Amino acid sequence: MSDRPEDGAPALREMLLSAKPSDFGLTPTPELPRVWAAMMEWHVGTNVVSLVAVAEGSTSLYFSTGGGIIGGGEHESVRAENRKLLAFVEKSLEMFVPMASPPPVLKAAVSFTVLTYDGIRGARDKEEQITRQKSPLWPVYYLGQEVITALRLATQKPRGELAGETES
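Okay, here's the thing in structure tokens:
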């Protein structure tokens, strides 16, 4: 696991968007017959943040300026939240419109890209609407935030390591 993707976040994003499910060894399952990955993106300052969840467990959070967390799927707690997110997206697939390419990431909005065995689907709403729970996309956003929390908890360093402290 790394907190500094060497290829750069834009390259990782493009790699996912150009991938096929077979690149991850994926085929439809009873739990996920249509969906094989999902991505949630939004602006934080001048940075675009991308959360990626793939059905085989890969889970990453990365930033357009570089850096992030890749390899989160190594942790069962992260994989569990990944599965919850993808299961909800599968159940709610009608909320996502078929598209030729992912929706652009606009300031003050949250964009969702769903990779299905039949192509790309997407949706977007204003961040304020979503965070105030006034958008049908609120549950997807909430589950995405749960994935981020699991990533953070699984990868945070013990307190002593952060402060440079050592036990006596």
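Mapping of the sequence shown onto this note's numbering: position 140 corresponds to residue 140, and the numbering continues sequentially without gaps. Glycine included, every Cβ here is placed at the ideal spot set by N, Cα and C. These figures come from a predicted structure and were not determined experimentally.
The alpha helix (DSSP H) spanning residue i covers which residue range?
| i | result |
| --- | --- |
| G119 | Counting along the chain, G119 falls outside any alpha helix (DSSP H), though it belongs to the beta strand (DSSP E) covering G119 to K126. |
Compute the distance between the beta-carbons of residue i and residue j, then report whether it is under 9 angstroms.
| i | j | result |
| --- | --- | --- |
| L151 | V78 | yes |
| V114 | A38 | yes |
| T59 | V140 | no |
| T155 | H75 | yes |
| G72 | E56 | no |
| P33 | E90 | yes |
| E31 | A87 | yes |
How far does the beta strand (DSSP E) with residue i in it reach, from first residue to last?
| i | result |
| --- | --- |
| S22 | Unbroken run through S22: none, as it is neither H nor E. |
| H43 | V35 to V44 |
| S101 | Note, S101: premise wrong, no beta strand (DSSP E); not H, not E. |
Using a Cβ-Cβ cutoff of less than 6 angstroms, which residues in the same chain neighbour residue i once the five nearest sequence positions on both sides are dropped?
| i | result |
| --- | --- |
| V105 | E41, V48 and S111 |
Please list, in chain order, all residues of the same chain as residue i whose beta carbon is under 8 angstroms from its beta carbon, the five residues on each side excluded.
| i | result |
| --- | --- |
| L16 | A37, M39, V52, V54 and L115 |
| T149 | E81 |
When DSSP labels each residue in this structure, what does residue i get in the three-state scheme?
| i | result |
| --- | --- |
| A87 | helix |
| G57 | coil |
| A150 | helix |
| A11 | helix |
| L93 | helix |
| T29 | coil |
| T65 | coil |
| A109 | strand |
| L143 | helix |
| S50 | strand |
| L137 | coil |
| R4 | Reliability of the predicted coordinates at R4 is poor, the pLDDT of 39 falling under 50, and no value is obtained from them. |
Report the residue from the options whose alpha carbon sits nearest the alpha carbon of residue i.
| i | options | result |
| --- | --- | --- |
| E81 | Q156, G144 and R13 | G144 |
| E171 | R121, P136, L32 and I120 | Residue 171 is absent from the model: the chain starts at 1 and stops at 168. |
| V35 | Q129, G119, A123 and Q156 | G119 |
| S18 | A100, A108, S64 and Q129 | A100 |
| G66 | P30, R13 and P103 | R13 |
| L153 | Y117, I69, P28 and E94 | I69 |
| E94 | T131, P28 and A123 | A123 |
| Q129 | Y142, R121 and K84 | Y142 |
| W138 | S92, P102, P103 and R121 | S92 |
| A11 | R132, F24 and F63 | F63 |
| D23 | K84, R83, Y117 and Q133 | Y117 |
| R121 | T131, Q133 and P103 | P103 |
Here's a check: name, in chain order, each residue in its chain whose Cβ is nearer than 7 angstroms to the Cβ of residue i, leaving out the five neighbours to either side.
| i | result |
| --- | --- |
| D125 | A109, V110, S135 and L137 |
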